[in-house]
Every structure is written in structure tokens, then in C-alpha cells.
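Taken in sequence, the protein lines are chains A and B.
So the first sequence is numbered by the working numbering: it starts at 1 and just counts up by one.
So the second sequence is numbered by the working numbering: it starts at 433 and just counts up by one.
Positions of the beta carbon are idealized from the N, C-alpha and C atoms, including for glycine.
As C-alpha cells, the structure follows; a few thoughts come after it.
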Amino acid sequence: MSTVAAPDLLDPKCAAHNSKPRLSFSAKPAALTCEDERDGGRVSVMRWKTVSAIFFLVVVYLVIGATVFRFLEQPHESSHKLAILAQKLEFLAVHGCVNSSDLEDLVQQVVSAIRAGVNPSGKSSNQSSLWDLSSSFFFAGTVITTIGFGNTSPHTEGGRIFCMVYALMGIPLFGFLLAGVGDQLGTIFGKGIAKVEKTIVKWKVSQTKIRVISTLLFILFGCLIFVALPAVIFKHIEGWSALESTYFVVITLTTIGFGDFVAGEKGGSESPEYLKYYKPVVWFWILVGLAYFAAVLSMIGDWFRAISKKTKEEVGEFRAHAAEWTANVSAEFKETRRRLSVDIYDRFQRAASIKRKLSSELGINASVNQEMTPGKRALSANLGEEREAYANLTLSLTPVPAALSANGSLFLNGLSPDFAQRLEVAVVENSQ
Amino acid sequence: MNPLGRSWLLLSGFVLFYVIYLLFGGLVFSSLERPVEEQLRRDLDALKRRFLNQSCVSAAALEHFVGQVLAANRYGVAVNPNASSDASNWDLTSAMFFANTLVTTVGYGHTTPLSDVGKVFSIVYALLGVPFTMLVLTACVQRLMYPLVAAPLHQLQRCGLEARPAAGVHFLSLLTLVLLCLFAAPAAVFSALEGGWSFLDGFYFCFISLCTIGLGDFVPAAKPEQDFKQLYQVAVMVYLFVGLMMMYLLLRTFHKMADLHGLTTFLQLPRCEESDQEEDREPIVENGQSAAAAAQKRPSYNSISDR
């Protein structure tokens, strides 16, 4: 039995679009830890970078959407604008007794009526009210599910205030319900998937393939039951095109709810008997379909998360590589610097020793030897020790003939990269 | 009673209560709104009759014309004579505003895609954009939890309050703050900027938008002759985003408070958990606790075989 927990229940949108699609109702005792607090200071710096990156991406996404919509829609809008203007002019031309200001008045009134939700065409007597019980029920449903079509909306002050209070209490309530329904849906579907997976396992397919297949099946069956089938029904009953029906289904089930298409608006005297059950069925479909879409959307959200994690991992790897490379380079650099400084001091020493030998050969007084003060001698001794310590490194880096390395004094000279010079000095020293 | 039976019972209880709640709402709305609707209808009829009486227009021609206006309005085309020819519902900021209502699932409906391709694109755009936006909101709220919730709670507890009253006090103060800054203040601004909006209308708009219901009866920055229309629309978009974030934060705080007061366990609901912890966690942070939490991660629909 799964040990998953239901989504954040107080908000249907939160339940719907939370990062992890969660399935069952069982309560998981979560530790209300202070983890945020403890590492908020350090980790929050990294986190804000990610957040701003994602935010930037969202803005870019919005701009892209805006440009595409504009490109697609503006021509249509212009043509419709021209059409209505032409119709107005035609009306004025045909009916000469109407002046344009009267006409504008009428148009204004019609528009306000439309905005108030009243259908201005036809006689008002045989039109069903927009606020009879079933329509009000439907409206209350659109408020609680946060779809909010808007084809009907409250116009009285009392209605608006009540709407706010009603929504405040109803939305969390619906959130609980949605979580519960999604739960049961997940269980039912999970059982079905388990059966399918049992048969697939016999074919000895890898685990990832099974997961992919089950995801695909979930999407396919869900779309069939909650999208395709209702779309066909709407097309038949409402008289919309296939695209319009699909559009309505998606816009409703993501709770966007524009209201340009609303199922069940066709009421009145010509509706057949079965339409009485139409609206409740639509409402029930919305409930279950919302749960399905919640799962789908959270799955998409998971993919985004996985992609971003993968990108972060790759970036992290890259960063690690870069750091390693930098460390290597700087170590080598340091080593070269050390060798160079050693080399320079080495040459100085050699020069001094050559000078000493020459002076001793030439019989110059021993005062020259005192140039090597005790401090300097100690230093040279230390340097010699140090150089012995680095001998391995340097020996590996510079080619030193084996014969030379054996000799102690020549060892010092062995560190010089300049072979010829070494040889000269060696000769000089050996000749001593 | 076994847990499974109890869960089913609770669920059916919820459904029943939900249906009753809807019925109740329907009744109240009906009794409030129907008289107004009747009045409006009568006014419109009177206007039509007056128009017909004084002119040579036949009833059929009038109906035809009204039908055309209706169709135009349904397409969101402005039928005002004062609308300047270059003001469109689809200039860049308006289109962006529309895209914003799409991805936040508010969906006012004051402008809707007219073309078929536009509708298809809306579907795809929404399917990708809605989870994306939710992800961003969740991420932002998660970051805000520390300075706005954890730190003040810590402060309050340091001042000597116990955990439960501290949570209550903190939630109430956060609620008041949100009400003032995100509802009352913008409502005042909107009622000042929009002609014909009272303060209540502005408040109503803020509430309907921030709950993402988005009825669309009030939409700011929609008038074609609005001054600084672009800036206004961008400001409203920012307000929507910040408002949604704060609402979500408020909900999470409420959930945590309910946890502390034992409400959630009583109703057999899951407690609020730090759900997005695996995001952005540095490996250095994963100690035994979060590793245990990670081990109990929920399987998703596509990994049911994990059960």
C-alpha cells in the first residue's frame, strides 16, 4: 500500500499543481523541521539564483506567447471590427429614419445588457432565466472550482459580497474534495496499471520502459475518458466544432475558464428532455476531470523539475570539472614559480661559489668567504633540504643524468634546466 | 472502523457537504440576482419597443442587427464608436496580459482567441504554461517561507509564546497584512483609476482575481482610451503575480497552523510538509532527516510499480 500523502488540500490549485502528484489519503506524519531555518542563510543564496532564473524564463515565456497571440489574432479582430462597422452603416443606410446617435444608444444598451448577462436578442418571455436554480447551482460550482466562466456574474452589491464570502469558504472545501477524488482516481488507475504491468513484466522489459509505458497509458486513457469523449458529446449537443469542443474542455479543466464557450447555455423552450440531466452530468465531469488534469499538470511540472535538476547536475559537473582544472593549473603554476625561485637562488649560489673558488685560486683573501654569513649559510642549508624534499618532483620534471644526481654538490646543479651550464659548473667544481 | 472504510466515509461526507453547499449557494444567488435580471430585461424590452415605435425599422431587422452586435461582442470586438482605430485588444501588452491570465488560470475572458490556430495555440500554451507558473509560484513561496514565516515564528517563540499561540498570532498578523496591502490598497487604487468602480467593486475584483476565479465582469486597463494603458497593464500583471504568491503563502501558513492545532489529524488529512525540499538542496545539507524524507518520496503516476 502506498504511503503517499494527498496534496495541500486547502487550495485546489495547490492540490492540482503541486510539484509531486500524490495519490492516497493516508496521513504521513511529517516533521515540521527547522531545516529551512538552519540552512536558510547559506542555501538561500543559491536558491534565489534559481528562482530568478525561473522567473526570467516565465517572463520570456509570456512575451513569446504575447507575440504569437498578437500575430495570430490581430488580423481576425480587425476584420470583425470592420464587419460590425459595415453592418452599422448598412443599417443606417437601409433605415433612413434612424439617426446614428439613436443607434449608438441602442448599441450601448445592448452591450450593457450583454455584460449583465442578459441575452438581448429574442423576446424575453420564452427565455429561461440565468439565475434559476440549476443555473445558479452551476454558477456556484464555477466559483468554487475557481473556473469562473463569467458568462453570468453577480451584479448586486449583496450578490458580490456573498460571492466573496462564499468563495472564501468554498474553495478550500472543494480542495479537500478534489484531493479525495484524485486519490480514489489514482487508486483505481493504479490497480489497472498494476495489472497491465504484470503482463508486461512477463516480456522482461526494463523498469524504465515499464514506467514510460504506464505514463503513456495514463495519458492516453485519461485523455480518452476525460477529454475526447466529453468533446464529442459537447460537439453533438452544443453544436460546436471539434476544435471548439476540445478548446472548451482544456480551458475548463485547467480552471482557466474564459467563458466564451460554456456548456449548457442553450436552454429555453426548445431543449429536449434529457438536457435536464445535462448540467449535473457536466458538473460531475468537471469534478473528475479536474482531478485528472491536476495529475497531468503536476506530471508536467515534475518533468520540468527533472529537466532543471538535470541541467543543474550537468552545470554542477561542469563546474566541478572547471574547478578541478583550475586547481591543477594553479598548482602547476605554483610549482613552476617555486622552481624558478629555487633556480634563481641556485644560480646565485653557484655564482657565489664560483667567485669563491676563483678567488681562492687567485689567492684573494678569505674575506670573500665571509660573504656567506652564518644566516646565509643556514639559509642555503635549509634551501638544500627543501630542495631535497622537492627532489622527486623536480627530478620527474627535468631530465637529470643519473651520474650527476649521485653527487651531493652536483645535486644542487642538477636542478637547473640548462644542461650545458650545469656541465660547465660541474667541471669547475670537480676540478676543485 | 478500519482506515480504508473511514476514508471512504469521510470522502462521501465531503461530497455530500459539497453538494449541500452548492445548493445553498445557488439558492442565495438566485434570490439576490434574479430581480435585477428581470428589471434589466424589462428595460431592454422597453428600449427596443421605443426604438421600433419611432422609426421605420422592422422588428426582424432590429433583431438581426442586435444579433450582429451580440456576435461582435462575443468576439470581444469593441463596438464603441469612441474606440480609436489603432487601439486593439491584441497589442503587445494586451496580448501579454491575456497570456498572463492564461497561465495563472485566472481566465477573465474579456478577450479570447478568435482564430482556430489561436485556439490550438492556447491549448498547448496553457498545458505547458500552467504547471510552469505553478512551479515558479511554489519556488518563490518556498523561498519566502523563511523570512516571512519561520523567522517571525522564531522571534515570537523567543519572546516567550508557546508554539500554538505563536502560530495563531503570526497567521492573524499575516492575514491582516495581506488584506491591507493586497486587497484594500489596490481596491482603492482601482476605484480611483477606473471610472465607475466603487471601492466594493475594486475589492471584489481583487478577490475574484487572486482566487483565480476570474469571472471577467471587472477587468482593469481594458478601456481602449485608458491613459498609460501599457504601464497599467504591466502593473496589474505584477500585482496578480505577487498577490497569487501571497495567497499561496497564506494558505501554507494556515495549513501549518492547522497542523499545530491538530485540525488536520482530526480530519485525517495530511499534515503540511516541506514538500519542495529536494529541490535545490545541496548534498552537504542532506543529513539523516532529509534522507529519510527523501526515502519516503511519493511515487508518481508513472512509477506505480514502486509500490
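Taking C-beta atoms as the reference points, serine 623/B and aspartate 633/B count as a pair closer than 8 Å. Taken atom to atom, the span from the alpha-carbon of alanine 179/A to that of arginine 70/A is near 37 Å. In this structure, aspartate 649/B keeps its C-beta atom at 8 Å or more from the C-beta atom of serine 136/A. The C-alpha of arginine 684/B lies about 21 Å from the C-alpha of leucine 593/B. With the criterion set as a beta carbon lying under 7 Å from some beta carbon of chain B, the members of the stretch 68 to 86 of chain A are Val68, Phe69, Arg70, Leu72, Glu73, Gln74, His76, Glu77, His80, Lys81 and Ile84, in sequence order. Isoleucine 147/A is classed as buried because its beta carbon has at least 16 other beta carbons within 10 Å across all chains shown. Only buried fits proline 545/B, as 16 or more other CB atoms lie within 10 angstroms of its CB. With respect to chain A, the C-beta atom of lysine 655/B has no partner C-beta closer than 8 Å. Proximity of glutamate 314/A to chain B, defined by a Cβ-Cβ separation below 8 Å, is not satisfied.
With fewer than 16 other Cβ atoms inside 10 Å of its own Cβ, glycine 363/A counts as exposed. Per DSSP, the continuous alpha helix (DSSP H) segment holding histidine 321/A begins and ends at 278 to 362.
For isoleucine 147/A, the three-state secondary structure derived from DSSP is coil.
For cysteine 638/B, the enclosing alpha helix (DSSP H) stretches over residues 631 to 642. Secondary structure note for serine 245/A: its alpha helix (DSSP H) is the uninterrupted segment 242 to 253. Note that the C-beta distance between leucine 72/A and glycine 550/B is below 8 Å.
Here threonine 536/B has Thr565, Thr644, Leu672 and Leu676 as same chain residues with Cβ atoms under 7 Å from its own Cβ, once five neighbours each way along the sequence are excluded. In the structure shown, threonine 565/B falls within a helical segment according to DSSP collapsed to helix, strand and coil. Taking a C-beta distance under 8 Å as the contact criterion, glycine 628/B and valine 538/B do not qualify as a contact pair. Boundaries cannot be given for proline 154/A, as no alpha helix (DSSP H) includes it and DSSP labels it neither H nor E. Bounds of the alpha helix (DSSP H) holding histidine 602/B are 595 to 610. Taking a contact to require three or more Cβ pairs closer than 8 Å, the stretch 239 to 256 of chain A and the stretch 82 to 100 of chain A do not qualify as touching. Burial state of valine 143/A is buried, judged by a 10 Å Cβ sphere holding 16 or more other Cβ atoms. Within the stretch 102 to 116 of chain A, Asp102, Leu103, Glu104, Asp105, Leu106, Val107, Gln108, Gln109, Val110, Val111, Ser112, Ala113, Ile114, Arg115 and Ala116 place their CB atoms closer than 9 Å to a CB of chain B, listed in sequence order. Rounded to the nearest whole angstrom, the C-alpha separation of leucine 185/A and phenylalanine 635/B is 37 Å. Rounded to the nearest angstrom, the Cβ distance from asparagine 532/B to methionine 669/B is 5 Å, consistent with a contact under 8 Å. Counting other Cβ atoms within 10 Å of its Cβ, glutamine 207/A stays below 16 and is therefore classed as exposed. When the beta-carbon positions are compared, leucine 290/A and threonine 187/A stay at least 8 Å from each other. Taking one beta carbon from each stretch, the stretch 280 to 295 of chain A and the stretch 214 to 232 of chain A have 3 or more pairs nearer than 8 Å; the two touch. Interface with chain A (8 Å Cβ-Cβ cutoff): tyrosine 664/B is excluded. Each of Tyr166/A, Ile161/A and Asp346/A was checked against the Cα of glycine 141/A, and the nearest Cα belongs to Tyr166/A. With respect to the 8 Å criterion, leucine 692/B and arginine 590/B are not classified as neighbours on the basis of their beta carbons.
Per DSSP, glutamate 626/B lies in no alpha helix (DSSP H) and is assigned neither H nor E.
The three-state reading of DSSP puts glutamine 486/B in coil, since its state is none of H, G, I, E or B. In the three-state scheme derived from DSSP, where H, G and I count as helix and E and B as strand, lysine 202/A is classed as coil.
Annotation note: the stretch 202 to 231 of chain A contains the following uninterrupted alpha helix (DSSP H) runs of length 4 or greater, listed N- to C-terminal: 207 to 223.
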